[in-house]
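Engineer:
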Amino acid sequence: MADTIAPANGSAAAANGQPTVHVDVKISNPDGTTSTTSPIAPAYEANPAIAVPAEKSAALAAPAAAAAAATPAAAPVAESSTAAAKAAEAGVVPAAAAADAAPAAAAAAPAPIDTAAAPAASEPSAAAAPATASTIVTPALPARELKKLDKIQRTEAKNQEAELKKSIKDAGAAEKLFRKARKAEVQSEKRHNKARDAEHKAAKALNKANEKHEKTVKTLEKALEELNIKKKHTETTSEAYEKAKGRIDETRENKAKGDSERATRAAAMHGTPQPSTTA
1 MADTIAPANG SAAAANGQPT VHVDVKISNP DGTTSTTSPI APAYEANPAI AVPAEKSAAL
61 AAPAAAAAAA TPAAAPVAES STAAAKAAEA GVVPAAAAAD AAPAAAAAAP APIDTAAAPA
121 ASEPSAAAAP ATASTIVTPA LPARELKKLD KIQRTEAKNQ EAELKKSIKD AGAAEKLFRK
181 ARKAEVQSEK RHNKARDAEH KAAKALNKAN EKHEKTVKTL EKALEELNIK KKHTETTSEA
241 YEKAKGRIDE TRENKAKGDS ERATRAAAMH GTPQPSTTA
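Just so we're aligned, residue 1 is where the sequence shown starts under full-length UniProt numbering, counting upward by one.
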């Protein structure tokens with residue numbers, strides 16, 4: 001590395017009477033070649049008549065060589081040298097101080113990081129994190145709200161159970177009345193048949209006993225009236241029995257539907273896990 005101090009022709013530093021510094025840095029590349037970088041600064045003419053002392057040249061050469069060996073790029077050195085040269089050119093600092101500051105700034109510049117050689121440690125490895133099936137868990141309700149809803153469901157189930165029992169009981173009572181009416185109808189039918197037979201017999205004996213015939217006719221009319229009454233009663237009780245049976249089926253379906261809905265709500269309230277195919 002050659003360091004020379006020469007005045008810049010036509011520059012502001014020459015007008016002020018201040019010397020300027022021109023630094024040429026040779027950088028060793030990884031492939032064994034060397035490249036020379038010049039700072040982005042006005043062109044300076046080397047004047048061999050004015051040479052830097054040996055101790056100053058050694059002081060300038062040592063930090064620059066160390067910085068060149070440590071960093072593959074010359075951008076920090078060039079910028080530091082340019083800043084020192086511009087400061088000296090503007091008359092802010094003396095030329096000697098600028099010459100001392102340039103190598104120091106070059107030595108203090110941090111070395112650039114080789115992003116191509118360094119592995120991306122921050123990126124997660126796709127193989128290290130295999131996809132696993134996750135589970136969606138429904139969050140449970142607060143304890144107070146859960147207790148309240150459980151109580152409402154128990155009350156609803158209890159009411160439906162009581163309604164079903166009442167329906168069964170009513171159906172049993174209606175069936176009992178129906179059987180009783182049916183039994184009375186059968187008995188009335190038997191009496192009707194008996195009265196008819198008696199009427200036939202009395203008709204045969206009409207000539208013999210008009211009085212007896214009239215009596216049996218009245219008995220027949222009374223039995224027929226009773227039969228009609230019993231038939232109407234049987235029809236009424238039969239309709240009530242059919243309605244009661246329909247009520248049993250309706251309440252049974254309502255209870256099954258209510259049990260299903262309560263089971264679903266209980267699963268949602270207690271936070272029962274639900275499997276999912278999400279990976």
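By construction, the Cβ of each residue, glycine as well, lies at the ideal position given by its N, Cα and C atoms.
This structure is a prediction, so every number in the text was calculated from the model and none was measured.
State the DSSP-derived secondary structure class of K208, mapped to helix, strand or coil.
Structural biologist: Reduced to three states, the DSSP call for K208 is coil.
Engineer: Taking C-alpha atoms, which residue in R265, E221 and D150 lies nearest to A195?
Structural biologist: E221
Engineer: Near E185, which residues of its chain fall below 6 Å by C-beta distance, leaving aside the five closest residues on each side in sequence?
Structural biologist: K230 and T234
Engineer: Given this structure, state the Cα-to-Cα distance separating K212 from D197, to the nearest angstrom.
Structural biologist: Distance between the alpha carbons of K212 and D197: 14 Å.
Engineer: Can you tell me whether DSSP reads G271 as helix, strand or coil?
Structural biologist: coil
Engineer: Using C-beta distances below 6 Å, list every residue in its chain close to A174, excluding the 5 sequence neighbours before and after it, in chain order.
Structural biologist: Result list for A174: A240, Y241 and A244, in chain order.
Engineer: Would a C-beta distance cut-off of 9 Å place D170 and R252 closer than the cut-off?
Structural biologist: no
Engineer: Do Q160 and A266 have their C-beta atoms within less than 9 Å of each other?
Structural biologist: no
Engineer: Check the C-beta distance from H192 over to A162 and give it rounded, since I have them as a contact under 8 Å.
Structural biologist: Their Cβ separation, rounded to whole angstroms, is 44 Å, which puts H192 and A162 out of contact at 8 Å.
Engineer: Taking 8 Å as the limit between beta carbons, can you name the residues of its chain near A209, skipping five residues before and five after?
Structural biologist: A202
Engineer: What does the alpha-carbon distance come out to for the pair V217 and E250?
Structural biologist: 49 Å
Engineer: Give the straight-line distance between the Cα atoms of T264 and L164, rounded to the nearest whole angstrom.
Structural biologist: Rounded to the nearest angstrom, the two C-alpha atoms are 22 Å apart.
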